[in-house]
Amino acid sequence: MRLSFGASLALSRLPGLLAGTIPAFRGDTNGCLSEPIQQTPEKIAPKAMIISMFTPEAEVWYQHLPSSGLGDLLAVNISIPGLSPIFPQVHCTVSGEICQLTAGESEINAAASLTALALSSRFDLTRTYFLAAGIAGANPKLATLGGVALARFAVQVALQYEIDAREMPAGFGTGYIPFGGYDPFDYPAILYGTEVLELNGALRDRAYALASRATLADDAAAAAHRAMYAEAPGGVFESATRPPSVVRCDTATSDVYYSGALLSETFENTTRIWTNQTAITYCMTAQEDNAVLEVLLRAHLWGLVDYDRAIVMRAGSNFDRPPPSVTAYAHLRLSDQDAFYIAVENLYRAGVEIVRGIVDEWNYTYKAGVRPTNYVGDVFGSLGGEPDFGPGGLFGGRGACVGEGSCGGAGGASAAAAESMRRRRRRGGVGGGWK
Numbered sequence: 000m001r002l003s004f005g006a007s008l009a010l011s012r013l014p015g016l017l018a019g020t021i022p023a024f025r026g027d028t029n030g031c032l033s034e035p036i037q038q039t040p041e042k043i044a045p046k047a048m049i050i051s052m053f054t055p056e057a058e059v060w061y062q063h064l065p066s067s068g069l070g071d072l073l074a075v076n077i078s079i080p081g082l083s084p085i086f087p088q089v090h091c092t093v094s095g096e097i098c099q100l101t102a103g104e105s106e107i108n109a110a111a112s113l114t115a116l117a118l119s120s121r122f123d124l125t126r127t128y129f130l131a132a133g134i135a136g137a138n139p140k141l142a143t144l145g146g147v148a149l150a151r152f153a154v155q156v157a158l159q160y161e162i163d164a165r166e167m168p169a170g171f172g173t174g175y176i177p178f179g180g181y182d183p184f185d186y187p188a189i190l191y192g193t194e195v196l197e198l199n200g201a202l203r204d205r206a207y208a209l210a211s212r213a214t215l216a217d218d219a220a221a222a223a224h225r226a227m228y229a230e231a232p233g234g235v236f237e238s239a240t241r242p243p244s245v246v247r248c249d250t251a252t253s254d255v256y257y258s259g260a261l262l263s264e265t266f267e268n269t270t271r272i273w274t275n276q277t278a279i280t281y282c283m284t285a286q287e288d289n290a291v292l293e294v295l296l297r298a299h300l301w302g303l304v305d306y307d308r309a310i311v312m313r314a315g316s317n318f319d320r321p322p323p324s325v326t327a328y329a330h331l332r333l334s335d336q337d338a339f340y341i342a343v344e345n346l347y348r349a350g351v352e353i354v355r356g357i358v359d360e361w362n363y364t365y366k367a368g369v370r371p372t373n374y375v376g377d378v379f380g381s382l383g384g385e386p387d388f389g390p391g392g393l394f395g396g397r398g399a400c401v402g403e404g405s406c407g408g409a410g411g412a413s414a415a416a417a418e419s420m421r422r423r424r425r426r427g428g429v430g431g432g433w434k
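Numbering that gives the first Met the number 0 puts the first residue of the sequence shown at 0, with every later residue one more than the last.
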């Protein structure tokens with residue numbers, strides 16, 4: 000979630016937004032999380048789990064889903080240990096087919112909340128489709144205000160060395176240098192495993208087709224701001240001037256809410272290099288996506304979820320860099336880009352089409368799952384197969400072994416040793432990384 004000046008202004012106009020909409024708890028503050036009003040003893044097996052990041056992204060689903068005929072998300076409210084103290088419940092329709100969780104903003108909040116959900120005994124998530132749906136900063140080269148993007152890659156772009164750009168070496172265009180590297184254009188020689196997470200491309204394409212059925216919201220103020228990007232030479236920001244649409248492009252994850260042409264172009268290159276692509280594909284900036292996906296990947300290894308059923312959807316509430324006539328600071332803190340409301344609305348309009356498609360076509364298509372035709376997973380090859388980015392997997396295409404029985408008690412020790420050896424081989428050299 001990225002909250003711009005305009006979004007902050009919008010929220011200031013919404014006092015009491017949630018008054019009366021979230022079910023209360025019995026008892027005092029210290030006991031509230033352990034004694035919710037509504038509890039159901041049976042395990043719930045949702046077909047779709049919507050992951051929101053903060054209140055407005057969740058509220059739009061609470062307000063509009065009942066009129067869709069798909070149910071009321073506030074009908075069943077389940078408290079589970081480990082969720083955010085300000086978002087302590089998972090909300091579900093009466094049927095349990097559709098549920099929603101507000102994870103909290105930033106990578107740590109998202110990871111903690113998703114871990115609590117994945118480990119909860121209240122849910123069977125083995126066939127659940129996860130729709131991570133939040134607002135974002137749009138890259139004006141590929142996306143626009145109010146536009147909706149569905150990702151194949153989520154890239155943790157700020158997981159690098161950083162020196163102040165005022166102290167960077169001559170010839171460098173950025174102070175960011177990949178771990179273990181010596182140049183901004185190196186591939187990371189030291190990998191943590193969360194840098195790049197690749198999603199099921201076949202599912203992404205189905206979600207795109209479903210979301211494209213939506214009529215997206217727009218307004219004159221957002222259109223006027225988009226028109227400022229027509230000033231860019233060579234039509235480089237042509238996509239920014241267009242009305243909202245659904246597109247397929249990738250997300251950049253960073254806890255730091257960055258803005259401006261220099262940082263945005265740096266992370267364009269980071270995304271391109273780390274995913275082993277020749278074209279720029281990053282079109283949305285966010286704070287949670289890699290965290291959400293890493294939890295789902297680890298839960299998949301233990302049979303708790305199916306990572307192949309994860310979808311990342313973002314809607315542009317602001318641009319990640321200014322138009323030519325505006326400074327980076329003014330763009331970030333002084334200008335209202337007037338797209339907060341339409342971005343939140345379009346999260347629902349596009350998202351509900353995806354959710355409806357999953358529910359309506361469950362028996363014919365989605366119950367069995369959508370088979371991926373691309374590599375799916377992380378740079379280590381944890382889920383099996385060989386990554387189509389990075390130096391190659393650590394598990395010989397077999398995937399990680401996390402249980403004791405078939406692992407011979409060793410677990411991931413051999414993979415850890417292999418990654419350590421890679422690091423040692425790179426320490427003495429200078430120059431390009433993995434290509």
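No residue lacks a Cβ here, since even glycine has one placed at the ideal position from N, Cα and C.
Counting only residues of its own chain and dropping the five nearest sequence neighbours on each side, residue 265 has a CB closer than 6 Å to the CB of 173, 175.
In the three-state reduction of the DSSP assignment, residue 276 falls in the coil class, being assigned neither a helical nor a strand state.
Rounded to the nearest angstrom, the gap between the Cα atoms of residue 68 and residue 88 is 23 Å.
Excluding five sequence positions before and after residue 371, the CB atoms of its chain that fall closer than 8 Å to its own CB belong to 199, 200, 201, 202, 307, given in chain order. The region 269 to 288 makes contact with the region 134 to 141: 3 or more CB pairs, one atom from each, lie closer than 8 Å.
Per the Cβ contact rule, the region 156 to 165 is not in contact with the region 118 to 136 (fewer than 3 Cβ pairs under 8 Å).
Counting of Cβ neighbours within 10 angstroms places residue 350 among the buried residues, the total reaching 16 or more. Beyond the five residues adjoining it in sequence on each side, residue 211 comes within less than 7 Å, by CB distance, of 245 in the same chain, given in chain order.
Per the coordinates, the alpha-carbon of residue 287 lies some 31 Å from the alpha-carbon of residue 234. Between residue 310 and the set 168, 128, 333, 298, the nearest pair of CA atoms involves 128. A Cβ-Cβ separation of about 13 Å leaves residue 340 out of contact with residue 63 under the 8 Å criterion.
In this structure, the alpha-carbon of residue 135 lies about 31 Å from that of residue 181. Uninterrupted alpha helix (DSSP H) stretches at least 4 residues long and entirely within the region 211 to 252 occur at 219 to 226, given in chain order. With respect to the 7 Å criterion, residue 209 and residue 353 are classified as neighbours on the basis of their beta carbons.
Following the DSSP letters along the chain, one finds residue 81 inside the beta strand (DSSP E) bounded by residues 75 to 83. DSSP places residue 196 outside any alpha helix (DSSP H); the residue lies instead in the beta strand (DSSP E), whose first and last residues are 195 to 197. Where residue 299 is concerned, the enclosing alpha helix (DSSP H) starts and stops at 288 to 300.
For residue 295, same chain residues with a beta-carbon under 8 Å away, outside a window of 5 residues either side, are 113, 117, 129, 304, 306, 309 in chain order. Contact holds between the region 327 to 334 and the region 256 to 276, because three or more Cβ pairs, one in each stretch, are under 8 Å apart. Non-local C-beta neighbours of residue 103 in its own chain, meaning closer than 8 Å and more than five positions away in sequence, comprise 52, 53, 83, 85, 86, 109, 111, 112, ordered along the chain.
Comparing alpha carbon positions, the residue from 276, 125, 100, 126 closest to residue 115 is 100. In this structure, the alpha-carbon of residue 92 lies about 58 Å from that of residue 169. Taking 7 Å as the cut-off, the beta carbon of residue 385 is found closer than this to the beta carbon of residue 396. Residue 42 has its alpha-carbon roughly 36 Å from the corresponding atom of residue 146.
Rounded to whole angstroms, residue 178 and residue 192 show a C-alpha spacing of 12 Å. Residue 151 counts as buried, since no fewer than 16 other beta carbons sit within 10 angstroms of its beta carbon.
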